[in-house]
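2 protein chains.
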Amino acid sequence: MKFLIVGGDAAGMSAASRAKRHMPDMDVIVLEKTEDVSYSACGMPYNIADYRRNIEDLIVRRADVFRNKQGIDLFTGHQVDSIDPKNKIVSGTIRRKGKPFEFIYDRLLIATGGRPIIPQLSGFNLPGVLALKNLEDGRKIKAFIEKHTVKKAVIIGMGYVGLEMAEALRARSIAVEMVKPGATLLPWMPREMAAVVEQELTANQVGLNLGCKIMRIEKNGGLLNVFCDDRILSADMVLVAVGIVPNSELASHAGIETGVSNAISVNRKLQTSDEAVYAAGDCADAFHAVTGKKTWIPLALRANRAGWAAADNVCGGSVELDSVAGTAVFKVFDLEVARTGLSVEEAQRHGFEPVAETIKTRSRAHAHPGAESIWVQLTGDHKTGMLLGAQMVGREGVAHRINAAAVALHVNMSIASFSQTDLAYAPPFGPVWDPLLTAANQLIKKII
Amino acid sequence: MKFLIVGGDAAGMSAASRAKRHMPDMDVIVLEKTEDVSYSACGMPYNIADYRRNIEDLIVRRADVFRNKQGIDLFTGHQVDSIDPKNKIVSGTIRRKGKPFEFIYDRLLIATGGRPIIPQLSGFNLPGVLALKNLEDGRKIKAFIEKHTVKKAVIIGMGYVGLEMAEALRARSIAVEMVKPGATLLPWMPREMAAVVEQELTANQVGLNLGCKIMRIEKNGGLLNVFCDDRILSADMVLVAVGIVPNSELASHAGIETGVSNAISVNRKLQTSDEAVYAAGDCADAFHAVTGKKTWIPLALRANRAGWAAADNVCGGSVELDSVAGTAVFKVFDLEVARTGLSVEEAQRHGFEPVAETIKTRSRAHAHPGAESIWVQLTGDHKTGMLLGAQMVGREGVAHRINAAAVALHVNMSIASFSQTDLAYAPPFGPVWDPLLTAANQLIKKII
């Protein structure tokens, strides 16, 4: 049996390794467009932050290890152009040589990931206008900073990647201006909590330009000018971080169904509309634990997990993946910001009657030195009393606390039940009533 | 209606405040044996650790606030000696005056807490042999250290309190020897993880004397000699921390049922065998989320929660408390140690077929600087595949991570389901696969 995998990042290489472990005699072929496989993409901002660290350190396992130690037929620099599902043939181009190739398969896994959105505006193709998705992007950014001794940067977009890169660039003493057309920072958060993030950014000299429509980028001598409707921001480097889209065209052109956010539609076994073709990772969708509906939340854990499950099923298993809760955490300078489940606005959009409660409490017990503030928002459904989502911000005790709410969402726990869970307490680590419990106790009053 | 409460610590004062908030006209009377109410008992080791901090800082709310602001009839220094449930009368002694008192009640809450076990051996009543439970104990220890310039201490017992006090005393540059008859440190932990704790204690110059039967304590000049079967440990101060027992005699002498560990037996509404009498806090038992059976796990969160629930029910509500999962966390110098649910041995004792997996992983992502080791043990039931318990040790990322497993225990989640939960990931806070998930992935293989 030939198991062909398109894409050699988290989902693809997880699947390849797993399949080979299950069935050492199976032909496992991976076609990867770039020269890199198996690296920590999420680690790039932290690596870029430190000039002493080599970007190659992020490689978890080198291509030759997959080839020689694991027996995977891994072809890097192989760009897949089309899939013929009827004849089970994949065609593409060897990038370095410009030569075509073809592979046949019995089972195919599409793990093509996502790509950064680049606005179709003038100047976004100028040198020094960069985006961050794969390791090649990371190399380019790091090399650009060093070669051009970047002193000022503009970051377009204020999502996770933009915020992590703001911290990374400030760590290298680069002046940072962030800009986006939307009027609100982190619109999925309650304003009180977004204000905490805003304050942290401002305290770290990150300029925030909200509600600025971006028109074009122009080169002016050594500088790049980002023209907005009401201002011009100039910089040595422009980072485009306005989000990603799934690389699903390969699938859709082959007649494979796509759905929410144009991601490839998969069932719980990771099968696409063509039962011989699986999809996993940032290119594929998932079921949401709270709504029960399809969602597209491209994150690393899911990619790894889906890669494994697809391989298990290709190898004859019958693994059905559970839903995603949309749990995420990111660091903004000294702040931890975390979420799981639905925001109030998302809950409304999905037909719930959201009721939310935001509390501010302490990260350590009464009178324990070194306590910091922690903010928690819990959202529940007025009709059913069910927990819908949680968000947290604080300097400590946020990143892992969110997981308690995430587990609760997987079992559609009521806020009343959640408020009774037995969470850990010791003075150095929190108040007697965990911040999540205090929020739940408050929220119950609004729901009963 | 007269709501009488015996004991003015966590459970008692939570109940009193709650009742008065629900029904401002209700007579709420609290009888407290000591002069202190509403203080952070768990914070005492950290306060004792720091000579600059005043032990009185641990008081959360002063007695006069309860009296004057909340209208609670709070009597401190009132020792209750007996309950007459037939005539609904409580009798006791005003300690300072040695005078008797009597109170009648419509509803009674017994919130008498627990007391440290003091071995019935010679010398345990000597000055300088101290235990730590209430604020008065904390004052005594702190005063003793300062007055006698304690240089060496022996701690009898190696549970949470003993370990926290070892850290506290070392912070004051006091030499510490710990001693207990049992041969194993933290017997509920896997040896691999207990060894990490042992190493941390040793690295902080805490002497560990395991398997030493304690015979007696003798005073020798200015020193206290702790005589064991095979050695003599001498110190300026001896701390007895071998555990606590519930103060349930008041209840049992009144014919109220006690059960597991001699704690007062209560239903989910916190009612004792006498329906007019409630019990809450360290003196009362609870249902265990995993076994479904009664258990006695005296911890602060439960005490607060039970106090509230008892008051809700006294005020006409019908609140049924959920089970406890036995979640606990404590700090041992720079280590975080946490547990929830059953240990392997406890699982065996309760008729499960425990299968456990212990893993060692990292607290941060691949190549992220500053990562520390994290150890996780997950225990599951071979028959049902259900998660039974989790334990963690590490220098960061342990204290709040345990809560994800705690929530899972509340809903009797299978290990397979737990392994699919969507836990947060970002490189500064953990690996892609959260340590709990890695442990679950490994454990599944032993169960299928």
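So the sequence lines, in the order shown, correspond to chains A and B. Under the working numbering, the first residue of the first sequence carries the number 1, and numbering increases by one thereafter. Under the working numbering, the first residue of the second sequence carries the number 1, and numbering increases by one thereafter. Think of the CB as a built atom: it goes at the ideal place given N, C-alpha and C, for glycine as much as any other residue.
1) Anything in the region 316-346 of chain B with a Cβ closer than 9 angstroms to a Cβ of chain D? List those residues in chain order, please.
2) Determine the extent of the beta strand (DSSP E) in which A:Pro354 is found, giving its start and end residues.
3) List, in order along the chain, the chain B residues whose C-beta lies closer than 9 angstroms to that of A:Gly394?
4) Got a sec: which bits of the region 290-304 of chain A sit with their beta carbon under 8 angstroms from any beta carbon on chain B, in order along the chain?
5) Just the C-alpha distance for A:Ala286 and A:Val332, rounded to the nearest angstrom, thanks.
6) Hey, does B:Phe429 have any beta-carbon neighbour from chain A nearer than 7 angstroms?
7) Excluding five sequence neighbours on each side, which residues of the same chain lie with their C-beta closer than 6 angstroms to the C-beta of A:Leu224?
8) Starting from A:Gly43, find everything on chain B with Cβ-Cβ shorter than 9 angstroms and list it in chain order.
9) Kindly indicate if chain B contains any beta-carbon less than 7 angstroms away from that of A:Thr421.
10) Would you mind telling me which residues of chain A sit closer than 8 angstroms to B:Leu208, beta carbon to beta carbon, in chain order?
11) What residues in the region 373-404 of chain A bring their beta carbon closer than 8 angstroms to a beta carbon of chain B?
12) Alpha carbon to alpha carbon, how far is B:Thr202 from B:Val226? Give it in angstroms, no decimals.
13) Which residues, taken in chain order from the region 48-68 of chain B, show a beta carbon closer than 7 angstroms to some beta carbon of chain A?
14) Is it the case that the region 275-286 of chain B contacts the region 7-27 of chain B, given that we only count it when at least three CB pairs across the two stretches are under 8 angstroms?
15) Here's the rule I'm using: 16 or more other beta-carbon atoms within 10 Å means buried, otherwise exposed. How should A:Asn209 be labelled?
16) Please look up how many angstroms separate the CB atoms of B:Leu388 and B:Pro354, rounded, as I've assumed it's under 8 angstroms.
17) Have a look at B:Ala439 and A:Asn47 and give me their C-alpha separation to the nearest angstrom.
18) On a Cα-Cα basis, can you pick out the residue from B:Trp433, B:Ile264, B:Glu345 and B:Glu396 that is closest to B:Ser419?
19) Over the uninterrupted alpha helix (DSSP H) stretch that includes A:Ser417, give me the two end residues.
20) If we ignore side chains and look at the alpha-carbon of each, how far apart do B:Ser17 and B:Ile72 end up?
21) Got a sec: which bits of the region 17-47 of chain B sit with their beta carbon under 8 angstroms from any beta carbon on chain A, in order along the chain?
22) Below 8 angstroms between beta carbons is the criterion; list the residues of the region 180-194 of chain B that meet it against any residue of chain A, in chain order.
23) Specify whether the region 113-125 of chain B and the region 84-100 of chain B touch according to this definition: at least 3 beta carbon pairs, one from each stretch, less than 8 angstroms apart.
24) For B:Gly211 and B:Glu200, what's the separation of their Cα atoms in angstroms?
25) In whole angstroms, what is the alpha-carbon distance linking A:Leu321 and A:Gln271?
26) Quick one: is B:Glu146 buried, meaning 16 or more other Cβ sit within 10 Å of its Cβ, or exposed?
27) B:Val376 to A:Thr421, Cα distance in whole Å?
28) Would you list, in chain order, the members of the region 248-259 of chain B that have their beta-carbon closer than 8 angstroms to a beta-carbon of chain A?
29) Between B:Gly385 and the rest of its own chain, which residues show a CB-CB distance below 7 angstroms, the 5 nearest in sequence each way excluded?
30) Of the residues that make up the region 229-241 of chain A, which ones have a beta carbon closer than 7 angstroms to any beta carbon in chain B?
31) Return no unless some Cβ of chain A is closer than 7 angstroms to the Cβ of B:Ala406.
32) Please determine, among B:Val60, B:Val30 and B:Ser40, the residue with the shortest C-alpha to C-alpha distance to B:Gln79.
33) Which of helix, strand or coil does DSSP assign to A:Ile117?
34) Would you list the residues sitting across from A:Arg107 in a DSSP beta bridge?
35) Using DSSP with H/G/I as helix, E/B as strand and the rest coil, what is B:Asn225?
36) Out of A:His22, A:Ala311 and A:Leu108, which has the shortest C-alpha to C-alpha gap to A:Asp84?
So, from the data block:
1) The structure shown contains no chain D; its protein chains are A and B.
2) From DSSP, the beta strand (DSSP E) with A:Pro354 extends over Pro354 to Arg362.
3) Near A:Gly394 there are no residues of chain B at all, since even the closest Cβ is about 11 angstroms away, more than 9 angstroms.
4) Taking 8 angstroms as the upper bound on Cβ-Cβ separation, chain B lies near residues Leu299, Ala300, Leu301, Arg302 and Asn304 of the region 290-304 of chain A.
5) A:Ala286 and A:Val332 have their alpha carbons spaced roughly 28 angstroms apart.
6) Answer yes: the Cβ-Cβ gap between B:Phe429 and chain A drops below 7 angstroms somewhere.
7) Excluding residues up to 5 positions away in sequence, Gly128, Ile217, Ala235 and Val238 lie with their Cβ nearer than 6 angstroms to the Cβ of A:Leu224 in the same chain.
8) Within chain B, Ala365, His366, Ala367, His368 and Pro427 have C-beta atoms less than 9 angstroms from the C-beta of A:Gly43, given in sequence order.
9) With 7 angstroms as the cut-off, A:Thr421 counts as an interface residue toward chain B.
10) The premise fails here: B:Leu208 is roughly 21 angstroms from chain A at the closest Cβ pair, so nothing lies under 8 angstroms.
11) Cβ contacts with chain B come from Gly397, Ala399, His400, Arg401, Ile402, Asn403 and Ala404.
12) Rounded to whole angstroms, B:Val226 to B:Thr202 spans 21 angstroms at the Cα level.
13) Residues of the region 48-68 of chain B with a C-beta less than 7 angstroms from any C-beta of chain A: Asp57, Leu58 and Val60, listed in chain order.
14) Touching, yes, given that three or more Cβ pairs across the two stretches are closer than 8 angstroms.
15) Around the beta carbon of A:Asn209, a 10 Å sphere encloses 16 or more other beta carbons of the protein chains shown; the residue is thus reported as buried.
16) Sure, about 6 angstroms apart at Cβ, within 8 angstroms.
17) The alpha-carbon atoms of B:Ala439 and A:Asn47 are separated by roughly 28 angstroms.
18) The candidate whose alpha carbon is nearest that of B:Ser419 is B:Trp433.
19) Start and end: Ile415 to Phe418.
20) Using only the alpha carbons, I get a separation of about 8 angstroms.
21) Residues of the region 17-47 of chain B with a C-beta atom less than 8 angstroms from some C-beta of chain A are Ser40, Cys42, Gly43, Tyr46 and Asn47, listed in chain order.
22) From the region 180-194 of chain B, no residue has a Cβ closer than 8 angstroms to chain A.
23) Result no; under three Cβ-Cβ pairs closer than 8 angstroms.
24) Going by the C-alpha atoms only, they are around 19 angstroms apart.
25) If I take the Cα positions, the gap works out to 11 angstroms.
26) The residue in question, B:Glu146, is exposed, as its Cβ has fewer than 16 Cβ neighbours within 10 Å.
27) Roughly 21 angstroms between the two C-alpha positions.
28) Contact annotation: in the region 248-259 of chain B, no residue has its CB less than 8 angstroms from a CB in chain A.
29) Taken in chain order, the residues that qualify are Ser414, Ile415, Ala416 and Ile447.
30) If the cut-off is 7 angstroms between Cβ atoms, the region 229-241 of chain A has nothing near chain B.
31) So yes, B:Ala406 belongs to the interface.
32) The alpha carbon of B:Gln79 has as its nearest neighbour, out of B:Val60, B:Val30 and B:Ser40, the alpha carbon of B:Val30.
33) The answer is coil: DSSP assigns A:Ile117 none of H, G, I, E or B.
34) Assignment of beta-bridge partners to A:Arg107 by DSSP yields A:Phe3.
35) Of the three classes helix, strand and coil, the one that applies to B:Asn225 here is strand, per DSSP.
36) Checking every option, the nearest Cα to that of A:Asp84 belongs to A:Leu108.
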